[in-house]
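Read through the structure below, which is laid out as structure tokens, and then see the notes.
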Amino acid sequence: MQTLLENLNAVPGVVGSMICDVEGRVVGHAFPAEFDDAVLAGAAAVLADGSVGLQTVTGPIGLVDLRYGAARVVAKPLSHGLVLLLCEKSVNLQRLLIEVAVAGKRLERIATAVEVAAPAEPDAAAPAEPDAAAGDAAGAAPESPSGSGKPKKKTSWWPSV
Amino acid sequence: MGPPIRSPKDASEGFEGAIVGLGLSDVIQLNGQNRFSGCITVHFDISTGLLFFRDGEIIHAEQGSRIGEQAFYEIMQWPGGRFSLQPNVTTTGHTIKRSVSYLLMEAHRLMDERRSGRLETPEGAPEEEPRRDRAMTIVDRIRQIPGAAYAVLLTKDGARLGDDSFEAESLEGKTAYLAMLAKRLGQAFGAGEVLAATVQGTDQHLLLLATKQHHLSVLVKGESQPGLVESEIRKLVAAPR
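Protein chains in written order, with our numbering: chain A, 1394 to 1554; chain B, 6 to 246.
In structure tokens, the structure reads:
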């Protein structure tokens, strides 16, 4: 998973990327050190919480694109979670979305595997995951349990579009 | 309270109604007793307030730039309005720790004090801006852009300008929600002020454009490209009058 995230980070203008599960927990990330686990967990939770209300407006969500004075945040739903990218303002969104699509299938396998594996010990520290693509689905586990907390009630999640 | 009014689109997600004849405190008490989890959006005149419940307790409130108990008390002193309930909509904000009973009693105490003149009345509706007419003209023209299903102009405090229709009221609540989400994510990442936000969906897209004083919210038809609609809007706004 780390390799996939670092590939996304290689797109010019991408600062960091992370994958969150359906409960808004960070599954894995490739962010610079100044973005600590608490920041990433908070962002993931905000997005997960907000998504439920937003999809009552738009139907199943395909993309969230937030532009700020100093950055751009892009979130793309997976079938069992989402990938979030923090970018510079100047990022080429079209190119980024192509890269996300290329990585998407493998990211979805990871998210699916995590959802199946995670509920037993949600707060247990997870071992570092090997980069091998073949190990993605089998070895994936939450990398940042600090943001998990108690599972939240949620009636729905973003289906993949 | 009038009969619940259902929007065809949102019929499955909650209900809406008027608060005339039934105080907001009654609505809050009922939802507290029913251990409601979700969001109540309250509209009064051009203002909008958000009350978030978790298991019957109020955990967060927003009204304009106010949050927490101050927002709650502000909403409570509105003399009437309309509300909409969105079950299971949650928030990461947890600005209120006190019980519903305490909040209601404190709200009524503050209202009594205001009535007796011991407290100043909170700020009224925002003053009408000098360029409001021009802004509303632009909104009318934006609604004519192919692909734009509806558009509404709000102040950054969430107050709707110049449109009392049901569609505008509905879009106002959705815009407040998106603006709140974008603001929180921006704060988390230190990304600066929100300039624009787009949510692309299969049914329709929600587009939020921020200016110094306003939020322009546009509902874009699902079959249209929000990016194209946005560029048309920008052309229109930039065009000399």
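From the three backbone atoms N, C-alpha and C, an ideal C-beta is built for every residue, glycine too.
Look at the beta carbons and you see the region 185-203 of chain B touching the region 1436-1446 of chain A: at least three pairs across the two are nearer than 8 Å. A direct Cα-to-Cα measurement between B/D145 and B/E74 gives close to 37 Å.
Listed along chain B, the residues sitting closer than 7 Å to A/L1456 by beta-carbon distance are Q205. In this structure, A/V1466 lies away from A/I1412, with their beta-carbon atoms at least 7 Å apart.
Look at B/Q68 here: in three-state DSSP terms it is strand.
With a cutoff of 7 Å on beta-carbon distance, A/A1423 and A/S1410 are scored as near each other. Here DSSP, grouped into helix, strand and coil, assigns B/T95 to coil.
Residue range L29 to Q38 is occupied by the alpha helix (DSSP H) that includes B/G37, with no beta strand (DSSP E) assigned at that position. Closest in alpha carbon position to A/G1417, among A/V1404, A/G1435, A/V1408 and A/A1496, is A/G1435.
DSSP, read as helix, strand or coil, puts A/R1488 in helix. Excluding its 5 nearest sequence neighbours in each direction, B/S229 has C-beta neighbours in its own chain below 6 Å: G152, listed in chain order. Per DSSP, reduced to three states, the secondary structure at B/K102 is coil, with no helix or strand assignment. Around A/L1440, the beta-carbon contacts reaching into chain B at under 7 Å are L190. C-alpha of B/L233 to C-alpha of B/K240: approximately 11 Å in a straight line. Annotated three-state conformation of A/K1482 is coil, per DSSP.
Taking CB atoms only, B/Q209 has a neighbour in chain A less than 7 Å away.
In the DSSP assignment, A/D1458 is bridged to A/V1467 and B/T203.
Beta bridge pairing from DSSP links B/L213 with B/A202 and B/S222. Within the same chain, and ignoring the five residues on either side of B/A201 in sequence, the residues whose Cβ sits closer than 8 Å to its Cβ are L212, L213, L214, A215 and E235.
Between the C-alpha atoms of B/D31 and B/L159 there is a straight-line separation of about 29 Å. Taking CB atoms only, A/A1436 has a neighbour in chain B less than 7 Å away. Closest by C-alpha distance to B/L186, out of B/Q38, B/A156 and B/T96, is B/T96. When secondary structure is reduced to three states using DSSP, B/A187 falls in the helix class.
The beta carbon of B/M116 sits closer than 6 Å to those of Q82, all from its chain and outside the five residues before and after it, given in chain order. The Cβ atoms of B/I147 and B/A154 lie no closer than 7 Å to each other. Not a single C-beta of chain A is nearer than 7 Å to the C-beta of B/V32. Under the DSSP assignment, A/M1411 falls in the beta strand (DSSP E) whose first and last residues are V1407 to D1414. For B/L108, the secondary structure class from DSSP, reduced to helix, strand or coil, is helix.
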